[in-house]
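Novice: This note's numbering applies: residue 48 is where the sequence shown begins, and numbers increase by one. My questions will all concern the structure given below.
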Amino acid sequence: MIYLQLFWAFFISNILGYGGGPPSIPLIQNEVVDHYHWMTMKEFGEVLAVANALPSPIATKLAGYVGYQVAGVPGAAVALLATIAPTAVAMILLLNFLNVFRNAPQVKAMTQSVRPIVTVLLGTMTYEFFLGAVEGIGWMQTGILAIASFLLLEKWKLNPALVIALSMGYGFFFIG
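If you want it as structure tokens, here you go:
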């Protein structure tokens, strides 16, 4: 039964995660944390931070890790298959259809209407992570890390993986 739950959780998250990794992250978080309770929000946030620092698509890294934590190597394989299957099916079945109708106003409207929903999902998840950080390390440390990360990413255009690594180093030396 656990393999079916793993498959379903990641299949649904990735079939509905229109637009790639970022839109599917809140959906994966909902399944893993809220629905099946395989992880806490704090654990999911930590896994997400490490996964963002590593190369390759975020959804496959999350699937592999969560699947392994829940059901070992077979669980990781099932979760990875469920993550890859929606894309494979969509590519095979829908590619020609989308190419024919990509300039249709209905298709453009459909893709534009998804953006606000993804923005709200990511914003909600960010807010939950922010509250978890404040609870874990306090307002001052959270503020320092938030401002420093913003400046490093937006003003100095540092690679996000490097910002994550620097934040982890800061936590190790100044918070831990």
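No residue lacks a Cβ here, since even glycine has one placed at the ideal position from N, Cα and C. Quantities reported herein were computed from a predicted structural model and do not represent experimental measurements.
Do the region 49-69 and the region 144-153 make contact, defined as three or more Cβ pairs closer than 8 Å?
Specialist: no
Novice: Mind checking residue 85: buried by the 16 CB within 10 Å criterion, or exposed?
Specialist: buried
Novice: With distances taken from CA atoms, which of 193, 129, 166 and 114 is nearest residue 177?
Specialist: 193
Novice: Using the Cα positions of residue 104 and residue 222, report the straight-line distance between them to the nearest angstrom.
Specialist: 30 Å
Novice: Any heavy atom of the ligand MG within a distance shorter than 7 Å of the CB on residue 89?
Specialist: This structure lacks the ligand MG, and indeed carries no ligand of any kind.
Novice: Roughly how many angstroms lie between the CA atoms of residue 110 and residue 102, to the nearest whole one?
Specialist: Going from the Cα of residue 110 to the Cα of residue 102 covers about 14 Å.
Novice: Does DSSP put residue 104 in a helix, a strand or coil?
Specialist: Coil at residue 104, not helix or strand.
Novice: Quick one, which of 48, 218, 215 and 217 has its alpha-carbon nearest residue 122's?
Specialist: 48
Novice: Write down the C-beta distance between residue 97 and residue 114 rounded to the nearest angstrom, noting that I regard them as a contact closer than 8 Å.
Specialist: Wrong, their Cβ atoms sit about 16 Å apart, outside the cutoff.
Novice: According to the neighbour-count rule (16 or more other Cβ atoms, all chains shown, within 10 Å of its Cβ), is residue 185 buried or exposed?
Specialist: The residue is exposed, with fewer than 16 neighbouring Cβ atoms inside 10 Å.
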